[in-house]
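Beneath this line is the structure, given in structure tokens, with notes to follow.
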Ligand SMILES: Nc1ncnc2c1ncn2[C@@H]1O[C@H](COP(=O)(O)OP(=O)(O)OP(=O)(O)O)[C@@H](O)[C@H]1O
Ligand SMILES: [Mg+2]
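Okay, here's the thing in structure tokens:
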């Protein structure tokens, strides 16, 4: 049984989680990677998946997004089961992904990258919708690089582009798989600042990152994953108080 503090659902009692995984098992061929993964993302909160390399974080993301089929268990989004739905349909329901390795289109311009995947893109959408002008004012660097190809961007600019592209889908849930991996400290700071602003605006975020000290400043709830299952869950205060915990499961 995982060690947990109080159930996070109780902290916001009566609230349906925006996302819930119940005992998800996922395989690569015959090789099992998730062994009963159970997590919840409460609306408006930042939830993290922590764990050393190869523990199943990206596999969990693929199981949510429908790119890796769950062999058993269930995934609920807004109270509805989504684990048997097609990946494009899951994304369109309101899950925006910033994937591991960013995966922007290197041969498309920044502008094209931003509008290529946006659903029903319209420059004159409702005021609270993400549009190209709104993304560009959120990331002024992208405005400066609008006609540059994806391949010409720095790592930090690519991550802003991946984040901007996900926002263009007007997600209800934003998932970042390695939010600041390989980025310089100043750029990391900028990404954390933007994520804090998104949280402030009410967006629900599922965050994967190895910079524990930085992510815990914006996160509400953490899951530590080992060998495809949750071994600990708790809030930032509990995580930061647990140096043995961090050494054991996160190698920090
Ligand atoms: N395409 C694949 N084929 C077979 N096994 C895979 C594949 N991708 C991942 N795995 C295995 O699944 C397990 C979980 O990998 P996963 O990529 O989910 O880990 P992770 O926690 O995201 O790691 P990292 O921190 O390095 O990104 C690992 O044992 C990995 O070797
Ligand atoms: Mg990964």
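Residue numbers (the numbering used here): 15 to 266. Every residue gets a Cβ at the ideal spot worked out from N, C-alpha and C, and that includes glycine.
- By DSSP's assignment, residue 163 forms a beta bridge with 123.
- If one requires a minimum length of 4 residues, the alpha helix (DSSP H) runs lying completely within the segment 217–256 are 226–229, 250–255, in chain order.
- Listed in chain order, the non-local C-beta contacts of residue 55 below 7 angstroms within the same chain comprise 31, 32, 33, 61, 187, 218, 220, local neighbours out to five positions each way being set aside.
- Of the other Cβ atoms in all chains shown, fewer than 16 fall within 10 Å of the Cβ of residue 45; this residue is therefore exposed.
- Counting C-beta pairs with one atom in each stretch, the segment 222–230 and the segment 146–154 have fewer than three that are closer than 8 angstroms, which means they do not touch.
- Taken through DSSP and simplified to helix, strand or coil, residue 266 comes out as coil.
- The three-state reading of DSSP puts residue 151 in helix, counting H, G and I together.
- Per DSSP, the unbroken beta strand (DSSP E) holding residue 111 starts and ends at 109–112.
- Residue 130 and residue 42 have their alpha carbons spaced roughly 30 angstroms apart.
- Contact annotation, residue 35 with residue 53: C-beta distance approximately 5 angstroms; criterion of less than 8 angstroms satisfied.
- Counting along the chain, the unbroken alpha helix (DSSP H) around residue 169 starts and ends at 169–181.
- The three-state reading of DSSP puts residue 69 in coil, since its state is none of H, G, I, E or B.
- Unbroken beta strand (DSSP E) stretches of 3 residues or longer found wholly inside the segment 39–64: 45–55, 60–64, given in chain order.
- When C-beta atoms of the segment 152–168 are compared with those of the segment 188–195, fewer than three pairs fall below 8 angstroms, so the two segments do not count as touching.
- A straight-line Cα-Cα distance of about 24 angstroms links residue 211 and residue 79.
- Cβ-Cβ separation between residue 178 and residue 172: approximately 10 angstroms, too far for a contact (criterion under 8 angstroms).
- Residue range 187–191 is occupied by the beta strand (DSSP E) that includes residue 189.
- Remark: the C-beta of residue 71 is in contact range of ligand 1, defined as less than 6 angstroms to any heavy atom.
- In this structure, residue 100 has its CB at a distance of at least 6 angstroms from all heavy atoms of ligand 1.
- When the beta-carbon positions are compared, residue 238 and residue 65 come within less than 7 angstroms of each other.
- In the displayed model, residue 211 falls within a helix according to three-state DSSP.
- With distances taken between CA atoms, residue 76 lies nearest to 113 out of 122, 170, 113, 207.
- The shortest CA-to-CA distance from residue 150 to any of 169, 176, 166 is the one to 176.
- According to the DSSP secondary-structure assignment, residue 90 is paired through a beta bridge with 34, 95.
- Annotation for residue 114 indicates a beta carbon within 6 angstroms of some heavy atom of ligand 2.
- Scanning its chain for C-beta atoms nearer than 6 angstroms, with the 5 sequence neighbours on each side dropped, one finds around residue 234 the residues 59, 60, in chain order.
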